[in-house]
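In the working numbering, the protein residues as written are 62 to 620.
Glycine included, C-beta positions come from ideal geometry on N, C-alpha and C.
All figures in this text were calculated on a predicted structure; none of them were measured in a lab.
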């Protein structure tokens, strides 16, 4: 909102006054700017910002606890920005698209729709680290600002028994100011004032049936928004089929969302508009290079880590090395989030290098328990391993580096991590693997070989290796005729320049044009993806019904 106040701009008698205006943002920050008439123009004479949040919070009868509010609005210690000391979710939040299957058809909606959607139960599914918890917390903050009372439950930690009132009571005491004093009042309020946010509903204890859990919750809250792992949808179908219910799948960020994320990050630097736009385009292009063709999941946590590493002063100036540094940052972030302490990182890096190279040599897609036992036995003979193999495997699975198929067979979750550590092993044992480097260079047209060589340039600064890689890339174009810039070729360039000049003379909002172009690009990619998944979508109704039946059986076994 913008409010004008103060002196009259012009009183009709040749005397100009001044004016002030207030800009009130949704985050309750008021920008006050005062202008006076000087030398024929109105100029800014004074400005000041005021934070209304403490005043508003003091007027709330039921306010969120300060520590809980900080946890909800903060982004954690891993993501930092040089120009913003206390980075918040609102500073960098870009809402993802949501996918919804209806009668075999795929619909896409903005997750902003969640705030106004007329559903009693909304289920958000997604891959690991798709941003489910982040989105849930953003929704909780939004409903809180709208005057509702959010109650957040994490089924991994908070739901320890079947007494739902006891579960809610403990949550309210920990999440609201003077929780012990107001908990009974909040529980007794009409449910139209309360919204329950349930994280990881698929991790409910085995003796807690999801359908009964949701049914009891709706006795206290008018809306329930839950997150679940992809493949675990509809666990509470037995009860939610009697409610206004919808399931959404959280989509990865497309070009448009990635561009918005970059823009929000760069806007924190408060650069001039033309400089900001130029940097935004450059960072977005480099981000797309690192993400590649689905090499890195295009989810906020990964994208922010990449942007941060591209912007950090320690990032190498060399473009290839800086990309390698980005992947290194991602791996570091995953390991530390998985509970690996800093002092053990070198051990994990070395184990991963040998483990990945062993898989590469044997050309297997996953490592069986027998293979893992044989690997660690051989590794322990060569190195002093102070951490148990079982703990290493568990930490790597918890961090998302490895994927367990449920039968103790493990594989690398993402291809870029596998290629990164294969290259690290080759770099660490270069004298033994010069022949392998030559083989990789001879097959540089292959994606896997190309990525291993790319990471090898990051790990190794050996000039012989780098020269061989450069020569192999040059050999790809040896049959191509170089450009001579003669009159024929230059005439073609003249026509291109003339066409570009004509377009530049048009009155075009270049930022809007670029945004529209990115949206069209995302739409085309979605169409291609839908064509690829056409068979799966055609069978979606039967698959969903089968999932419901399977989940009902699972719940019956629990009960």
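{"Asked": "Residue 207 to residue 93 span [Cα, whole Å]", "Found": "24 Å"}
{"Asked": "Residue ranges of each beta strand (DSSP E) within the stretch 200-258, 3 or longer", "Found": "210-215"}
{"Asked": "Bridge-paired residues (DSSP) for residue 187", "Found": "290"}
{"Asked": "DSSP three-state assignment for residue 171, whether helix, strand or coil", "Found": "strand"}
{"Asked": "Spatial neighbours of residue 399 in its chain, beta-carbon cut-off 6 Å, leaving aside the 5 residues before and after", "Found": "456, 459, 460"}
{"Asked": "Extent of the continuous alpha helix (DSSP H) run through residue 298", "Found": "298-301"}
{"Asked": "Selection from 171, 310, 493 that minimises the alpha carbon distance to residue 161", "Found": "310"}
{"Asked": "From 479, 100, 394, 528, residue whose alpha carbon lies closest to that of residue 428", "Found": "479"}
{"Asked": "Same chain only: Cβ atoms within 8 Å of residue 135, ignoring 5 sequence neighbours per side", "Found": "147, 148, 149, 150"}
{"Asked": "With 16 other Cβ atoms within 10 Å as the buried cut-off, status of residue 236", "Found": "buried"}
{"Asked": "Spatial neighbours of residue 47 in its chain, beta-carbon cut-off 6 Å, leaving aside the 5 residues before and after", "Found": "Nothing can be reported for residue 47: it is not among the residues displayed for the chain, which extend from 62 to 620."}
{"Asked": "Residue 468 (DSSP reduced to helix, strand or coil)", "Found": "coil"}
{"Asked": "Inter-residue spacing [alpha-carbon to alpha-carbon] between residue 226 and residue 424", "Found": "54 Å"}
{"Asked": "Any alpha helix (DSSP H) of 4 or more consecutive residues that is wholly inside the stretch 503-579", "Found": "508-520, 524-536, 548-565"}
{"Asked": "CA-to-CA distance, residue 291 to residue 187, given in whole angstroms", "Found": "5 Å"}
{"Asked": "Coarse secondary structure for residue 589, derived from DSSP in three states", "Found": "helix"}
{"Asked": "8 Å Cβ cutoff met for residue 391 and residue 357", "Found": "yes"}
{"Asked": "Coarse secondary structure for residue 269, derived from DSSP in three states", "Found": "coil"}
{"Asked": "C-beta atoms of residue 199 and residue 322 nearer than 8 Å", "Found": "no"}
{"Asked": "Nearest candidate by alpha-carbon position, reference residue 384, set 348, 404, 245", "Found": "348"}
{"Asked": "Same chain, Cβ closer than 7 Å to residue 494, neighbours up to 5 away in sequence not counted", "Found": "487"}
{"Asked": "Span of the alpha helix (DSSP H) around residue 455", "Found": "450-460"}
{"Asked": "Inter-residue Cα distance where the pair is residue 503 and residue 512", "Found": "13 Å"}
{"Asked": "Boundaries of the alpha helix (DSSP H) in which residue 327 is found, first to last residue", "Found": "316-328"}
{"Asked": "Residue 149 (DSSP reduced to helix, strand or coil)", "Found": "strand"}
{"Asked": "Beta-carbon proximity list for residue 345, same chain, < 7 Å, skipping 5 on both sides", "Found": "319, 320, 323"}
{"Asked": "For residue 181, the three-state DSSP class (helix, strand or coil)", "Found": "coil"}
{"Asked": "Through-space distance from residue 110 to residue 79, alpha-carbon basis", "Found": "19 Å"}
{"Asked": "Residue 333 versus residue 403: straight-line alpha-carbon distance, rounded", "Found": "39 Å"}
{"Asked": "Beta-carbon proximity list for residue 179, same chain, < 7 Å, skipping 5 on both sides", "Found": "305"}
{"Asked": "Secondary structure of residue 364, DSSP reduced to three states", "Found": "helix"}
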